[in-house]
Amino acid sequence: MITAKNIHKYFDDLHVLKGVDLHIKSGEIVSIVGPSGAGKTTLLQILGTLDKASTKHDPELVLNGTSIIDLTEKDLAKIRNEQFGFIFQFHQLLPEFTALENVCIPAFIKGTARNLAEKRALELLEFLGLSH
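Take the sequence shown: its letter number 63 is residue 416 in this note's numbering, and every next letter is one higher.
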């Protein structure tokens, strides 16, 4: 499903990620653990295409058999909308919307009909035990 090879990240002179290799299979549950400042969030942002790896080490990032390391921001946004789900440490709900509407937002951005988006959002909320 996702393969990352030789992932490095620098913030000025600080070398945060030093050649990370990772392979996650479809259906596999993975935890990334480590002390504060180890680069966990940075790695997740790169894997989720919210940030880019430093390029001087020729990184590879492959999603479902397709290299995504050199895609445009528009193409990456489409992939995030259609293929990624993010769970944040702190909730990122928009307070002006209901929980159902917050879950529907990615489907609305994609152009999914409201009734289909709400049906799928209800299924997801039920699956997570959040439907009350």
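Every residue, glycine too, gets a C-beta built ideally from N, C-alpha and C.
query, result
"Residues sharing a beta bridge with H361, DSSP", "K371"
"Nearest candidate by alpha-carbon position, reference K427, set A470, I385, K463", "K463"
"Given C457 as reference, the closest of E413, S484, K371, A470 once Cα atoms are compared", "A470"
"Buried/exposed call for I355, threshold 16 Cβ in 10 Å", "buried"
"Cβ contact (3+ pairs, closer than 8 Å) linking the stretch 409-427 and the stretch 445-461", "no"
"Cβ neighbour criterion (16 or more within 10 Å) applied to V330", "Since the displayed the chain opens at 354 and closes at 485, residue 330 lies outside it and no answer follows."
"Pick from D404, T425, F480 that is closest to K362, judged by C-alpha positions", "D404"
"Cβ-heavy atom distance, D404 to the ligand PLP, below 7 Å", "Of ligands this structure carries none, so the ligand PLP is not represented either."
"Buried or exposed by the 16-neighbour rule on C-beta atoms within 10 Å, applied to G392", "buried"
"From E479, F480, Q436, L481, residue whose alpha carbon lies closest to that of P459", "Q436"
"Alpha helix (DSSP H) segments (min. 4 residues) lying fully within the stretch 393-424", "393-400"
"K427: first and last residue of the uninterrupted alpha helix (DSSP H) it sits in", "426-436"
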